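Undergrad: Attaching a single structure in structure tokens format; questions to follow.
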Amino acid sequence: MFSVSSTPVRHVRLGTVPLTRRLPSQKIITPSSRTGVQRLQAAAATDLKEQLISAILESRNQKDSFTAGLPPEAQKVIDQMEAEAQNSKPKLIEEELLGNFDGVGSRIVALDEAGTTSLGQASFQQFKPIDLQVKMIGGGTVTNRMSDKEPYAIISSFRVAEGEFEGVEAVQKAIAEWSIDEQDPAKMYVTFVRTQFEPKQKDAESVKRWKACFKEHNPGMDEDGIWSIKFDKGRKGHRDFVYVDKDFQVSKGNRGSWTVLERRPS
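Each residue of the sequence shown is one higher than the last, beginning at -19 in the numbering used here.
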């Protein structure tokens, strides 16, 4: 048989994002069958989740772990998750993937240590000027719901990091279609079909400054400063999950970036 002693759970709020964190547990696990081994593996994965949450929480007072990269302690736990997933891959369940998820940590290959990148890197090489340096701000949001209009959307923010318009802030929404790999149930395919940019602040002065920065470079921008483009050919990618439950996800993108997401409270 397989037994796990009960342990109290307390909720820790990370900025606007709550993270569930268990107090140190004393678990007695005795596998006696294949089912027992599977439960043992599940318990080990849960322990790693708790360790990852702790590492991210401890880093938050020092830096923004989403834009500046995961702290070494968190990356070590993720490396363990990746190793465990080689032996026991998580299985994606469509219903558990639906909803709104907030980014609580990531290591994005395109960002430097300060969390900056080129606007081209941040926009599929679409929003101009593509060589402008921008800083990603906040953890971003993934919205995943069954809808013909927006079945999958990544919403992120950035701030112009140089030049005359330094400080101008943007919201980007990337719309995609998605599916679970039939041969590999831990892999999600994502095809981006459209992306949109708009000013983060909507007051008249902020919109005016936004348009002064970007409108000349991006024909078709409307009077509210909104600019969007539909891709002739979808921009394809994938996410390989090393941990997933209905409230928490850890995945590696096709370019090597790691993302940690937690379900937004309803």
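Don't be surprised by glycine CBs; every beta carbon is placed ideally from N, CA and C. Just so you know, these numbers come straight off a predicted model, no measurement behind them.
Compare the C-alpha of Q106 against each of Q176, G95 and S39 and name the closest.
TA: Cα-wise, what sits closest to Q106 is Q176.
Undergrad: Can you tell me which of the three DSSP states G214 falls into?
TA: Correct three-state label for G214: strand.
Undergrad: Using only the alpha-carbon positions, how far apart do D227 and K153 sit?
TA: So the alpha carbons of these two residues sit roughly 22 Å apart.
Undergrad: Near G205, what residues of its chain come up, given a Cβ to Cβ distance below 8 Å and the 5 sequence neighbours on each side ignored?
TA: Answer for G205: E178, P179, V187, W190, K191, F194 and K195, listed in chain order.
Undergrad: Given S208, which residues of its chain have a CB within under 6 Å of its CB, disregarding the five upstream and five downstream residues?
TA: Within the same chain, S208 has close Cβ partners Q176.
Undergrad: Could you spell out where the beta strand (DSSP E) holding D183 opens and where it closes?
TA: Counting along the chain, D183 falls outside any beta strand (DSSP E), and DSSP gives it neither H nor E.
Undergrad: Taking 8 Å as the cut-off, decide whether the C-beta atoms of K108 and R139 are in contact.
TA: Contact: no.
Undergrad: Name the DSSP beta bridge partners of A154, please?
TA: DSSP output for A154 lists I134 and T175 as bridge partner(s).
Undergrad: So, with DSSP's three-state summary, where would you put N67?
TA: Helix, per DSSP.
Undergrad: DSSP beta-bridge partners for L77?
TA: None, per the DSSP bridge assignment.
Undergrad: Counting pairs of Cβ atoms below 8 Å between the stretch 144 to 158 and the stretch 196 to 203, do you hit three or more?
TA: Segments in contact, no.
Undergrad: Which same chain residues, not among the five before or five after G236, have their C-beta less than 6 Å away from its C-beta?
TA: Closer than 6 Å at the Cβ level, and outside the excluded window around G236, lie V89.
Undergrad: On the criterion of 16 or more Cβ atoms from any shown chain inside 10 Å, does S246 qualify as buried, or is it exposed?
TA: Exposed, by the Cβ-count rule.
Undergrad: Quick one: grab the DSSP three-state call for I209.
TA: Reduced to three states, the DSSP call for I209 is strand.
Undergrad: Whole angstroms is fine: what's the gap from D220's alpha carbon to N124's?
TA: Using only the alpha carbons, I get a separation of about 16 Å.
Undergrad: Measure how close the beta-carbons of A65 and V222 come, nearest whole angstrom, since I'm counting them as under 8 Å.
TA: With a Cβ gap of about 4 Å, A65 and V222 count as contacting.
Undergrad: Closer than 6 Å by C-beta to K232: which residues in its own chain qualify, once you throw out the five before and the five after it? Chain order, please.
TA: Closer than 6 Å at the Cβ level, and outside the excluded window around K232, lie D220 and W238.
Undergrad: Could you tell me which residues DSSP puts in a beta bridge with M168?
TA: DSSP, once it has assigned bridges, lists I160 and R219 as partnering M168.
Undergrad: Under DSSP, the alpha helix (DSSP H) around Q229 begins and ends at which residues?
TA: Per DSSP, Q229 belongs to no alpha helix (DSSP H); it is in the beta strand (DSSP E), F228 to G233.
Undergrad: Would you give the residue range spanned by the alpha helix (DSSP H) that L241 belongs to?
TA: First-last for L241: W238 to R243, but that is the beta strand (DSSP E), not the alpha helix (DSSP H).
Undergrad: Which of the three DSSP states is assigned to M116 in this structure?
TA: In this structure, M116 counts as strand in the three-state DSSP scheme.
Undergrad: Taking the alpha helix (DSSP H) that L99 falls in, what are its first and last residues?
TA: From DSSP, the alpha helix (DSSP H) with L99 extends over L99 to A102.
Undergrad: When DSSP labels each residue in this structure, what does D82 get in the three-state scheme?
TA: DSSP places D82 in strand when its eight states are reduced to three.
Undergrad: Taking the straight line between their C-alpha atoms, what separation do you get for I134 and A94?
TA: Cα-Cα distance, rounded: 22 Å.
Undergrad: Near E62, which residues of its chain fall below 8 Å by C-beta distance, leaving aside the five closest residues on each side in sequence?
TA: Within the same chain, E62 has close Cβ partners V222 and K232.
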